[in-house]
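J.: Protein chains in written order, with the working numbering: chain A, 154 to 267; chain B, 10 to 357. Every residue, glycine too, gets a C-beta built ideally from N, C-alpha and C.
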Amino acid sequence: MTSVPVIDRARLDLVCMGNPSLAGEFIDLLIEESTPILAGLPALVAAGDAPAVRESAHSVKGIAGNVGAARLQAAALVLERSAADGAAAGVLAEQLDAVIAALAELRTERSTLS
Amino acid sequence: MLVAIIDDNATNLKVYVNVVSHIPGIATKTFQSSAEGLAWCRDNEPDLLVLDYHMPAPDGIAFIAEYRKMRPSAQTPIVMITGEQDREIRHKALEIGASDFLSKPADPVEFLARVRNLLGAVENRRLLASRSAVVTDMSASALHKASANELETINLLMRAVEYPDNPSGMHVVRMGQYAALLARGVGRSIDEQRLLILAAPLHDIGKAALRDGVLLKAGPLTAAEWEAVHHHPMAGYDMLKGASSPALKLGAEIALYHHEWWNGEGYPSKLAGADIPLSARIVAVADAFDAMLSDRPYRRALTHQKAFAELALHAGVRYDPVVVGAAEANRSDMLAIASTYADNTAAA
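#1: Answer yes or no: do L204 of chain B and M10 of chain B have a C-beta to C-beta separation smaller than 8 Å?
#2: Residues of chain B with CB closer than 8 Å to the CB of S174 of chain A, please, in chain order.
#3: Please compile the residues from chain B whose C-beta is within a distance smaller than 8 Å of the C-beta of L182 of chain A.
#4: Do you know whose CA, among B:P229, B:V238, B:L259, B:K279, lies nearest P210 of chain B's CA?
#5: Could you check where the beta strand (DSSP E) with V59 of chain B kicks off and where it finishes?
#6: I'd like the span of the alpha helix (DSSP H) that includes A338 of chain B, first residue to last.
#7: Tell me which residue opens and which closes the beta strand (DSSP E) that K38 of chain B is part of.
#8: Can you tell me whether G275 of chain B is buried or exposed? The criterion is at least 16 other CB atoms within 10 Å of its CB, across all chains shown.
#9: So I184 of chain A packs on R260 of chain A, CB below 8 Å; how close in whole Å?
#10: Whole angstroms is fine: what's the gap from D329 of chain B's alpha carbon to V294 of chain B's?
#11: Using DSSP with H/G/I as helix, E/B as strand and the rest coil, what is L204 of chain B?
#12: Grouping DSSP H, G and I as helix and E and B as strand, with all else coil, what is V24 of chain B?
#13: Output yes or no for whether 8 Å exceeds the beta carbon distance between A252 of chain B and A261 of chain B.
#14: How about V157 of chain A and A227 of chain A: do their beta carbons lie closer than 8 Å?
#15: Do G221 of chain A and K113 of chain B have their C-beta atoms closer together than 8 Å?
#16: Beta-carbon within less than 7 Å of G239 of chain A's beta-carbon, same chain only, minus the 5 sequence neighbours each way: which residues are those?
#17: In whole angstroms, give me the CA-to-CA distance for Q94 of chain B and V198 of chain A.
#18: Could you check whether the stretch 20 to 32 of chain B touches the stretch 68 to 86 of chain B, counting it as contact only if at least three pairs of C-beta atoms, one from each stretch, sit closer than 8 Å?
#19: Nearest to V326 of chain B by alpha carbon, out of B:A345, B:S288, B:Y76, B:A281?
#20: Can you find at least 3 beta carbon pairs, one from the stretch 265 to 273 of chain B and one from the stretch 282 to 293 of chain B, that sit closer than 8 Å?
#21: Are the stretch 54 to 68 of chain B and the stretch 80 to 88 of chain B touching by the rule of at least three beta carbon pairs closer than 8 Å?
#22: Cα-Cα, which of B:R80, B:P255, B:A66, B:R135 is closest to S288 of chain B?
#23: Roughly how many whole angstroms lie between the Cα atoms of R308 of chain B and A345 of chain B?
#24: May I ask you to report which of helix, strand or coil DSSP gives D250 of chain A?
#25: Can you tell me the Cα-Cα spacing of R168 of chain B and P176 of chain B, whole angstroms?
#26: By how many angstroms is the C-alpha of E208 of chain A removed from the C-alpha of A251 of chain A?
#27: Can you tell which of B:M343, B:I14, B:A19, B:A335 has its C-alpha closest to the C-alpha of I35 of chain B?
#28: Along the beta strand (DSSP E) that carries V12 of chain B, what are the first and last residues, could you check?
#29: In chain B, which residues lie less than 7 Å from I216 of chain A when you measure between Cβ atoms?
#30: Note down, in chain order, every chain B residue with its Cβ under 8 Å from the Cβ of S264 of chain A.
#31: Could you tell me the alpha carbon to alpha carbon distance between H63 of chain B and G334 of chain B, rounded to whole angstroms?
#32: Going along chain A, which residues have a C-beta under 8 Å from P67 of chain B?
#33: Using beta-carbon positions only, say whether L232 of chain A and L256 of chain A come within less than 8 Å of one another.
#34: Report the residue from A:L266, A:E258, A:A242, A:R162 whose alpha carbon sits nearest the alpha carbon of L194 of chain A.
#35: E186 of chain A CB to nearest chain B CB: under 8 Å?
#36: Going straight from the alpha carbon of A357 of chain B to that of D247 of chain B, what length do you get?
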């Protein structure tokens, strides 16, 4: 997963449409919106609620991809697919850790944006 | 133009609003809840809808279905944002009324171009609709060409009759306009209003039977002269009564009754209230108003305020109070007619 950049600057620049000051705002909003979704995921994984895990992962993947949070998007995609494929709870828990780690990395990288 | 954007993620909404805001003159309305968006659409019709497919109920498909059902005649373009692989969903959306798609994650450049194109199509459709309305109007004009010719003839004839009083001929033009306005004010149909434009100018055609000098006489009239003046409604009626044209027939009615008073003390028939034909009650108010705003050999024109006050004073006595109410309610339009067709403007 580390081969994927935390932020795809080309994508983030594209959605800013010539207004670089929006980059930080988009990432802040993504972090704000993803945090509660990820906070609810460990319980869903533990309960074996694969459809709900898939749904949450799908949401995070979508908004992360929209603003160029590439690593979070990739990690969420892996979790979404595993949940759809009926992967074991242990696998999902591991993949969820990767998603949470990607969000933490995004928080760190946020400081590099204006 | 108004673009409504519906997506359950705030981040996506912010991205989409930023894209759309690059089109000048665009306002956006966003909803994070599709149910709230749909409720808003019950009372509001956006120029374009952008919505995510994957949302808590109603999802994009259900939203489109409900919107099209709710507004069957609206041609609002709808752009749905879906995953590229959702072919079946796209087909279903097309079937129920989606106009276009964007693939996730939406490419802002592509997004902007599609929104611009769809809004351009909306503008073009409106332009065509307005041109079509103009063409319809032109056809209506062609159909009314005969009426236009009739109006010109009537106005010229009445200009000749009124020439000693009003050489410009604008009094009769104003009469048609006031009468149509008052007819509208009391709820009469467009056709009745149009007919009054033709017929009201004829109210005083009977004056052609008066000897020269009576109307412009500065001093008091003799008994014989009064009798002649009181005869002009009947004279006018006699002139028009055999006509087959609806305008001339209505003109005969107006000529005969336009000096009747609401309280029954007018002439020649002493009809009262609703026994006086509405056309004549309308013309009586129009004629009085126009006379008050005109100079006479024996007095100067009244001010606008004074003229309306006089009408109000005589409402229920000389004039139908409902018609006077219509004049009062359309005060600015009455005055606009007075100035647009003033005596110093060219006669039609």
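T.: Taking the coordinates as given:
#1: no
#2: Going along chain B, no residue has its Cβ under 8 Å from S174 of chain A, so there is no contact; the nearest lies around 11 Å.
#3: A19, T20, K23
#4: B:L259
#5: 57 to 61
#6: 330 to 338
#7: 36 to 40
#8: buried
#9: 6 Å
#10: 8 Å
#11: helix
#12: helix
#13: yes
#14: yes
#15: no
#16: A203
#17: 26 Å
#18: no
#19: B:A281
#20: yes
#21: yes
#22: B:P255
#23: 23 Å
#24: helix
#25: 7 Å
#26: 17 Å
#27: B:I14
#28: 11 to 15
#29: N18, T20, N21
#30: In chain order: nothing, as chain B lies at least about 19 Å away.
#31: 59 Å
#32: None at all; the shortest Cβ gap to chain A is about 16 Å.
#33: no
#34: A:A242
#35: yes
#36: At A357 of chain B, the pLDDT of 43 sits below 50, so the modelled position is not reliable; the number obtained from the coordinates is stated separately. In a straight line, the C-alpha of A357 of chain B is about 27 Å away from that of D247 of chain B.
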